[in-house]
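Trainee: Dropping the structure in here first, questions after.
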Amino acid sequence: MKTDWYKKAIVYQIYPFSFMDSNNDGWGDIEGIISKLDYIKELGATAIWFSPLYKSPDCDYGYDISDYRDIDEKFGTMRDFDRLLEECHSRGLKVIMDMVINHTSTEHPWFKEALADRNSKYRDYYIIRPGRRVKGRLQPPTNWASTFTGSAWERIEGTDEYYLHLFCREQADLNWEHPEVRQEMADILNFWLGKGVDGFRFDVFNMFSKVWPLQDDDSRKTFQKGAKFFVDGPRMHEFLKELNEKALSLYDSFTVGESFHPSRENALEYIREDNREFDTIFNFAHLDSDNIGGLKFFRKPFDLLQFKDGLFGPQKDSYGLGWNTLVLENHDNPRCVDRFSIDSSRFRYEAATMLAAVTFMGFGTPFIYMGQEAGLTNTPFRSIDEMKDPVSHFVYDLMKSYGMPGPLAFRFIRYGARDHARVPMAWNASVNGGFNRGHEPWQCVNPAYKDINVEKDMAAERSVFRFYQKLLKIKKENAAAIYGKTEEYDHGNRKIIAYSREHEGKRLFVAANFCARSTAYRMPEWVQGAEVLLNNYDRADISGTVIRFSPYQGVVFEK
Ligand code: NOJ
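The structure is reproduced here in structure tokens:
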């Protein structure tokens, strides 16, 4: 029977490669995760989302799965996973698995068979098409672009045929038109639900359905050629309903979709409670408020109005119809204290806590990315060779191919790289930040660990972790913080963000200063006399309805 436990949930995301390496082989592992469950519990999280733990050749670090029913040996065994599940459940922590089913690894047995035997039934599992001869030269079947590489088509060696990959070459898109593929996917979900997992995060789900027949994209202005034929495709809603019917609805499972630039209308359709598709989806638009055109590597001065639009738009759209999520970081983004024009060398604590307060007091379920709760910072990578993410390398090479000097290209990459979030966790000041006992980690550590680490933060007078604890407690217990309707104030203010949440006569007022200077702000009359529930400074300088904020100060009032 379906319940709505997710509405009060606090989800903690673990990127298993880099969380905790218990056997000192350089890779994070399940045993390491188990050793930190009490820490996650202490923070106040109620659920964990694991980035992929399945077998994978790791071309895209777990997001290229070669066996959906097994655990990769670098992380442990299926027995270890079963114990992890038990250990989570015994602590009251729900378990959310990552489901990457838009594509499989090209090392998946289905794909290998599809290529090895033209008559294999697995050929129809993928999107394989003959190339086109243009002036005698073989060209891909369409002009679609992959998100990560150039053409979305890769030629199959020794043939004139191509397979579609909307991400890396090693991630072949599945053919969701084929009923057997959809059945396989439902079976995989049931396999994990049968084990007792509590839900899934679906990777780039709104690309499952493509427009058939496949055709060239003639649009002039498009961020990605072909997108209009593979984003929010015509059968998307049907496919999600089918997954529900055959798997998700058979259990009390929670679903959160990671979508790729969905239209506003579709975003709502995916999460409408009466639609029986997903419980919620991620919304990332506010995270583009410091880059140009959604391209993470191209920095621009932080635009608070854009941040507000991105943060509040989905809260308004979904309220009363479906559920929302609140995100500041994940494995695809740099650390939040080192973006949005923030100088973390001066305001790390203030910004980390203020950002958390304004984001997570909103309407929706908070998703916290490992390390964010201790205000971990970006890594001062010295060269592209220190970065492991294939996307960093692809974009770097691309920039150079257009004539950009290497050092300049590297500066761009370093601003927005996913690698920042993927370095080993800084647990303490011991070797490799306490991630392991000294074996060289798969990805270099952030040398800042000696100074910025979980242990030190927890013991500090101004501890990001302790602030998160207080914030999350409110978020779980205060009905207005969970269910309240969001109303934004002073949208046009370029320094201050302010909103209320209202539920059954109770009101919260959240206001914060997004600047490195102190700033005065006149609050609405009704806030006068309200109780300060949370504040990232020792005191709030209030006279009447005017609050004089210190740099990056954030305050939550209750009336
Ligand atoms: C989104 C995931 O979050 C990202 O890490 C991955 O590279 C792509 N989808 C492709 O699976």
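In terms of the numbering used here, the sequence shown opens at residue 3 and continues consecutively.
Where a beta carbon is used, it is the ideal one built from N, C-alpha and C, also for glycine.
From a predicted model like this one, the values you see are computed outputs, not experimental measurements.
1) By the three-class DSSP mapping on this structure, what secondary structure does W444 have?
2) Just reading off the beta strand (DSSP E) that R503 is part of, what are its end residues?
3) Pop quiz: R337 and T379 are said to be a contact at Cβ under 8 angstroms. What is the actual Cβ separation, rounded to whole angstroms?
4) So, at 7 angstroms on beta carbons, what are the nonlocal neighbours of V339 in its own chain, with the 5 sequence-adjacent residues on each side left out?
5) According to DSSP, simplified to helix, strand and coil, what is Q308?
6) Can V529 be considered in contact with the ligand NOJ, in the sense that its beta carbon sits closer than 7 angstroms to one or more heavy atoms?
7) In angstroms, rounded to a whole number, what distance separates the CA positions of F511 and G435?
8) Q308 and G364: beta carbons closer than 8 angstroms?
9) Distance check for V102 and L195, CA to CA, integer angstroms please.
10) Buried or exposed: R120, going by 16 or more other Cβ atoms within 10 Å of its Cβ?
11) Are there any heavy atoms of the ligand NOJ lying less than 7 angstroms away from the beta-carbon of Q173, as far as the coordinates show?
12) Quick check on G531: buried or exposed, where buried means 16 or more other Cβ atoms within 10 Å of its Cβ?
13) Taking the alpha carbon of H493 as the reference point, which residue from A514, K478 and E504 has its own alpha carbon closest?
14) Buried or exposed: Y128, going by 16 or more other Cβ atoms within 10 Å of its Cβ?
15) Let me know the secondary structure DSSP gives A353 once reduced to three states.
16) Taking 7 angstroms as the cut-off, is the CB of V206 close to at least one heavy atom of the ligand NOJ?
17) Identify, in the order they occur along the chain, each residue of the same chain with its Cβ nearer than 8 angstroms to the Cβ of Q217, setting aside the five sequence neighbours on each side.
18) With H, G and I counted as helix, E and B as strand and the rest as coil, what does DSSP make of Q374?
19) Give a yes or no on whether the C-beta atoms belonging to V466 and N448 are separated by under 8 angstroms.
20) Is any heavy atom of the ligand NOJ found at a distance shorter than 7 angstroms from the C-beta of V258?
21) Let me check you understand the geometry: is the CB of Y128 closer than 7 angstroms to at least one non-hydrogen atom of the ligand GTP?
22) Locate the alpha helix (DSSP H) running through R184, then write down its first and last residues.
23) To the nearest angstrom, how far is it from the Cα of G152 to the Cα of F300?
24) Whole angstroms is fine: what's the gap from S53's alpha carbon to W528's?
25) For the alpha helix (DSSP H) containing P409, list its first residue and its last residue.
26) With 16 as the cutoff for other CB atoms within 10 Å, does L323 come out buried or exposed?
27) Going by the C-beta, is D62 closer than 7 angstroms to any heavy atom of the ligand NOJ?
28) Which class does Q217 belong to by DSSP, given the choice of helix, strand or coil?
29) Can you tell me whether H333 sits near the ligand NOJ, meaning its C-beta is under 7 angstroms from at least one heavy atom of the ligand?
30) Using a Cβ-Cβ cutoff of less than 7 angstroms, which residues in the same chain neighbour E331 once the five nearest sequence positions on both sides are dropped?
31) Please classify P553: does DSSP put it in a helix, a strand, or coil?
32) Report the residue ranges of all alpha helix (DSSP H) runs contained in full by the segment 265-315; include only those spanning at least 4 residues, in chain order.
33) From what residue to what residue does the beta strand (DSSP E) around L323 run?
34) Return the first residue and the last residue of the alpha helix (DSSP H) that K508 is part of.
35) Beta carbon of K487, beta carbon of F362: below 8 angstroms?
36) On the three-state DSSP scale, how would you describe W29?
Mentor: Well, looking at it:
1) coil
2) I498 to H505
3) 5 angstroms
4) S346, R350, A353, A354, G377 and T379
5) helix
6) no
7) 38 angstroms
8) no
9) 15 angstroms
10) exposed
11) yes
12) exposed
13) A514
14) buried
15) helix
16) yes
17) T144 and F231
18) helix
19) no
20) no
21) No copy of the ligand GTP occurs in the structure displayed; its ligands are the ligand NOJ alone.
22) P181 to K197
23) 19 angstroms
24) 43 angstroms
25) G408 to G418
26) exposed
27) yes
28) coil
29) yes
30) R337, C338, Y371, Q374 and A423
31) coil
32) 266-273
33) Element bounds for L323: n/a, residue is neither H nor E.
34) Taken as a continuous stretch (DSSP letters only), K508 belongs to no alpha helix (DSSP H), being part of the beta strand (DSSP E) at K508 to N515.
35) no
36) coil
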